[in-house]
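Read in order, the letters of the sequence shown correspond to residues -20 to -1, 1 to 118 in mature numbering (1 follows the signal peptide of the UniProt record, and there is no 0). Below: one structure, written as structure tokens.
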Amino acid sequence: MKFASAFLTFALGVATGALASPLSRRDTGPSCTIVVTPADGTDADAGKAAYELVYGFLVRMEDSTYPDGTTVSSISLNGPTVTDNGDGSFNAVTSLIVDGLTSGEISDIITEQWPGTWVWSADRSNPGYNWYMESTTC
């Protein structure tokens, strides 16, 4: 019986430690919808858009302006899932995760800095495609 009690105490201690660890509290990032239009109308395909926007959104987040004092160690994303709006534009739904930023800060960057800009800025070497970000919501 003492063994079972000791094991239960140990298991509860491990579970409590896991819940308090930084990894378990990691922010999963906001879910955002970004309306994009291809620079070249021939790119108008949802599958191709999803493929091109994965890397494009990562690079665009890297090029964004962060709050003062922020140190970003990594950027990752879930998605995007892209649907054709039928008017030449696409909805790209994605969730960006940025170590060092909260969901609120990520959402602010995407909704305040991204609308009305290109995924690939003039400072970057364009990989042969580009997408204009019409609007963003998170």
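Glycine included, each C-beta is placed from N, C-alpha and C at the ideal position. Predicted model only: the values in this text are computed from it and were never measured.
Q | Neighbourhood of E85 by C-beta distance below 7 Å, restricted to the same chain and skipping five residues each side | A | By 1-based counting over the sequence shown, the position of residue 85 is 105. The residues are P47.
Q: Assuming S11 contacts V73 (C-beta within less than 8 Å), just tell me the rounded distance between them.
A: Here residue 11 corresponds to residue number 31 of the sequence shown, with the count starting at 1. Here residue 73 corresponds to residue number 93 of the sequence shown, with the count starting at 1. With a Cβ gap of about 7 Å, S11 and V73 count as contacting.
Q. What's the gap between the Cα of R104 and the Cα of M113?
A. Against the sequence shown, residue 104 aligns to sequence position 124. Against the sequence shown, residue 113 aligns to sequence position 133. Answer to the nearest angstrom: the Cα atoms are 16 Å apart.
Q | Same chain, Cβ closer than 7 Å to S53, neighbours up to 5 away in sequence not counted | A | Indexing the sequence shown from 1 puts residue 53 at position 73. Counting only Cβ-Cβ distances below 7 Å, and skipping sequence neighbours, we find D79 and G80.
Q: Throw me the rounded Cβ distance for the S56 and I77 pair, which I believe falls under 8 Å.
A: Within the sequence shown, residue 56 is the residue found at index 76, counting from 1. Within the sequence shown, residue 77 is the residue found at index 97, counting from 1. Indeed, because the Cβ distance is near 5 Å, the residues count as touching under 8 Å.
Q) To the nearest whole angstrom, what separates the beta carbons of V16 and S69, a pair I think is in contact under 8 Å? A) By one-based count along the sequence shown, residue 16 stands at place 36. By one-based count along the sequence shown, residue 69 stands at place 89. Confirmed, Cβ separation roughly 7 Å.
Q | Continuous beta strand (DSSP E) assignments of at least 3 residues falling wholly in the region 6 to 69 | A | Runs of the beta strand (DSSP E) inside the region 6 to 69: 11 to 18 and 55 to 64.
Q) Bridge partners of S75, per DSSP? A) Start at 1 with the first residue of the sequence shown, and residue 75 comes out as number 95. Note: S75 sits in a beta bridge opposite S11 and N58.
Q) From which residue to which residue does the beta strand (DSSP E) around T117 run? A) Along the sequence shown, one-based indexing puts residue 117 at 137. First-last of the beta strand (DSSP E) with T117: W111 to T117.
Q. Assuming T45 and Q93 make a contact with CB atoms under 8 Å, what is their CB distance in whole Å?
A. Position 65 of the sequence shown, counted from the start, is the residue given in the question as residue 45. Position 113 of the sequence shown, counted from the start, is the residue given in the question as residue 93. Right, the Cβ-Cβ distance comes to about 6 Å (below 8 Å), so this counts as a contact.
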